[in-house]
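First up is the structure itself, then whatever we jot down about it.
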């Protein structure tokens, strides 16, 4: 490959913590991702809060059925609504705040990793890996439908932590996701 190939993509809010409008550059040896990125601690707290709220919904629902008490049904609905609010507001506000901070700093965050470290490249559904689908349970079917033939997912080094993260890029309509996937596979 002569020079870098650039893709403008939309990043899903996964463990890579990059999201919204991103630039992905791929050359013979390296992959670079540039765009809004939330910090590790904030992302983990946001995910944990969603997991706790979603998990609390189930016992409240079961208790409402076992005790035949409408108050627990209301508690389950309220907990599910709070989960939805935290999920939605976090998905919007956290990355928009990073966009604002990047504007003030004069540039977005970026991470790079060797193309040889990219694993499990997929197009379409199956992007919600490593338990993320459990947290996104109410939304995962719709997101999978939207990602068909357009979303490219893979695992690669995080750049800030010692483990791999999941990256998911929803490709621009003018770009072929197969080209991005082949380049990520080093082909």
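Numbering (this note's numbering), first residue to last: 231 to 417. Every residue, glycine too, gets a C-beta built ideally from N, C-alpha and C.
So, residue i versus residue j, is the Cβ gap smaller than 7 angstroms?
i           : j           : result
residue 254 : residue 240 : no
residue 244 : residue 396 : yes
residue 328 : residue 398 : no
residue 351 : residue 414 : yes
residue 367 : residue 358 : no
residue 286 : residue 309 : yes
residue 317 : residue 280 : yes
Could you please give the first and the last residue of the uninterrupted beta strand (DSSP E) stretch that includes residue i?
i           : result
residue 253 : 250-256
residue 391 : Per DSSP, residue 391 belongs to no beta strand (DSSP E) and is neither H nor E.
residue 262 : 260-265
residue 236 : 235-241
Got a sec, what are the start and stop residues for the alpha helix (DSSP H) residue i sits in?
i           : result
residue 271 : 270-296
residue 412 : 407-414
With distances taken Cα to Cα, identify the nearest neighbour of residue i among the options.
i           : options            : result
residue 380 : 390, 291, 410      : 410
residue 210 : 355, 364, 385, 388 : Since the first residue shown for the chain is 231 and the last is 417, residue 210 is missing from the structure and cannot be characterised.
residue 335 : 256, 266, 257      : 266
residue 214 : 258, 364, 314      : In the structure as shown, the chain starts at 231 and stops at 417, and residue 214 therefore has no counterpart that could be examined.
residue 341 : 389, 285, 297, 412 : 389
residue 314 : 369, 384, 252      : 369
residue 319 : 332, 306, 276      : 276
residue 361 : 382, 278, 330      : 278
residue 252 : 416, 400, 412, 307 : 400
residue 373 : 242, 293, 292, 403 : 242
residue 406 : 250, 353, 297, 260 : 353
(message) Extract the residue ranges of the beta strand (DSSP E) inside the segment 299-367, only unbroken runs of 3 or more that lie entirely within it.
(response) 339-344, 349-353
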